[in-house]
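Plus 48 on top of the position in the sequence shown (first one is 1) and you've got the numbering used here.
All residues carry an ideal CB built from backbone N, CA and C; glycine is no exception.
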Amino acid sequence: MKKVLVIPDSFKGTMTSSEICGIMASSIKKFYPAAEVISLPVADGGEGSVDAFLSALGGEKKPVRVSGPFFDEIDSFYGILSDGKTAVIEMAACAGLPLSTDNLNPEKTTTYGAGQLIADAVASGCTKIIMGLGGSATNDGGTGVAAALGVQFLDADGQSFVPTGGTLSNIAHIDTAGLLPALKTVELVSMCDIDNPLYGEQGAAYIFGPQKGATPDMVHSLDAGLKNLARVVKADMKKDLADMHGAGAAGGMGYGMKAFLDSALQMGIETVLDTVHFDELVRGADAVFTGEGKIDTQSLRGKVVIGIARRTKKAAVPLIALVGDIGEGIEEAYELGVTAIFSINRVAVEYAKARLRAKTDLALTMDSILRVFR
């Protein structure tokens, strides 16, 4: 082997994508010391996305004081990639579940801080912003982001306010005249790996509200609020986006990013592959190694392994996936471009024990595969 790409997702709760890259690269170098190994840790839009992009492409992390999930000022951050023009933002860095674990309440949480991060990135000269939608503690339909960037939400008395999940039903009119003008020249891409609509039984409140602390009654109220938001957006902005795939991501922030900022919504892996110029990097490669915690039928919908497979198939480069667990019914993965799938679990033990030996097992599995290549 002369050139190898390693581009794994994290094994949630076990290994980060950067750690996996290091283990894979070390094994490859052991068997092929002269090989060029290109490491590309994958970000899925949630916590760790900024670090993954910076690790893959270089750049700097910029600290910023912004509004937290309960409008309290907190220390947050975003990344500016080495081109100096691309910002990567995790909405979880200012509106994520870990920031409100002692007081989960999606009726009161806001995405306002994420809008402040966007404004800072624009002021810093960034012309492309990648927004990760993952790990949200919110259900405000992205109205907090919009409010931070100049959109006004008015109640029945004409009073302006910043909506939260619990006050979306109070929105009577929306005025976008004050939207930050500089955004017109900025490309916005939102990383989104779910296809839920904004409201309804498969929407943001019903599917994701309970994990954010919503009671059954609260879920019903939150859903009604999202429905009202969609009604006012349709009336005042002439946009009907409630059924758009991904509208329900991050408590409806997928909807808000598109409705108020005209952001593109894209699968996380597609955003990563485009940003790192994967199609150019894979040319001339002898193999690509990827992986994720579990490959199953959900994976076949276009997540990390399959997203990479579609591109390696076009490039006629073998793709080998190392995973923690292999689910039933994944044979289609081979038709989509995966060459081989290996579980790193070398002994039959429960997850609590398997995760403790995952790094060693990954290295040993890599060694076994590379012995075949050699």
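- L165 carries a helical assignment under DSSP once its states are collapsed to helix, strand and coil.
- The beta carbon of V267 is closer than 8 Å to those of A253, Y254, G257, P258 in its chain, skipping five residues each way along the sequence.
- Nearest C-alpha to K109 among A400, L370, S115, G96: G96.
- Burial state of N244 is buried, judged by a 10 Å Cβ sphere holding 16 or more other Cβ atoms.
- Under the DSSP assignment, H325 falls outside any beta strand (DSSP E); it carries neither an H nor an E label.
- Within the model, the alpha-carbon separation for T319 versus M239 is close to 7 Å.
- A Cβ-Cβ separation of about 6 Å places A185 in contact with A143 under the 8 Å criterion.
- Along the stretch 128–156, the beta strand (DSSP E) occurs as fully enclosed runs of 3 or more residues at 134–138, listed in sequence order.
- Three or more Cβ pairs closer than 8 Å define a contact, and the stretch 163–178 meets that threshold against the stretch 127–147.
- In the structure shown, D223 adopts extended strand secondary structure according to DSSP, grouped into three states.
- Exclusion of the five residues before and after E383 leaves no residue of its chain whose Cβ lies closer than 8 Å to its Cβ.
- V395 and A406 have their C-alpha atoms some 11 Å from each other.
- Out of G339, L412, L309, R113, the CA that lies nearest to the CA of A194 is found in L309.
- Taking V52 as the centre and dropping the five residues before and after it, the same chain places the C-beta of I76, Y80, A83, E84, V85, I86, A333, D334, A335, V336, F337 closer than 8 Å to its C-beta, in chain order.
- Counting C-beta pairs closer than 8 Å gives three or more between the stretch 357–374 and the stretch 384–392, which meets the contact rule.
- Here S208 is exposed. Its C-beta has fewer than 16 other C-beta atoms within 10 Å.
- At the C-beta level, A196 and A162 come within 9 Å of one another.
- Per DSSP, T360 lies in no beta strand (DSSP E); the unbroken alpha helix (DSSP H) holding it starts and ends at 352–363.
- Counting along the chain, no alpha helix (DSSP H) covers R113; the unbroken beta strand (DSSP E) around it starts and ends at 107–115.
- As DSSP reads the structure, F308 sits in no beta bridge.
- Secondary-structure assignment with DSSP links D123 through a beta bridge to R113.
- Put simply, the backbone Cα of E155 is about 42 Å away from that of E379.
- According to the DSSP secondary-structure assignment, D373 is paired through a beta bridge with K342.
- For V98, the three-state secondary structure derived from DSSP is helix.
- Out of L152, D92, F421, the CA that lies nearest to the CA of M179 is found in D92.
- Around I122, the same chain offers R113, V114, S115, G116, C142, L147, G161 as residues with beta carbons nearer than 8 Å, after the five sequence neighbours per side are excluded.
- According to DSSP, V237 shares a beta bridge with I178, A312.
- The beta carbons of A290 and A278 sit about 4 Å from each other, so the pair counts as a contact at 8 Å.
- Note that the C-beta distance between T158 and F118 is below 9 Å.
- Under a 10 Å Cβ-count criterion, T191 is classified as buried, with 16 or more other Cβ atoms of the shown protein chains found around its own Cβ.
- Per DSSP, E84 is not a residue of any alpha helix (DSSP H); the beta strand (DSSP E) it occupies stretches across 84–87.
- By the C-beta density criterion, K351 is buried, having at least 16 other C-beta atoms within 10 angstroms.
- L404 counts as exposed, since fewer than 16 other beta carbons sit within 10 angstroms of its beta carbon.
- In the structure shown, the three-state DSSP call for Q200 is strand.
- Straight-line spacing of the CA atoms in D241 and I343 works out to 15 Å.
- In the displayed model, L404 falls within a helix according to three-state DSSP.
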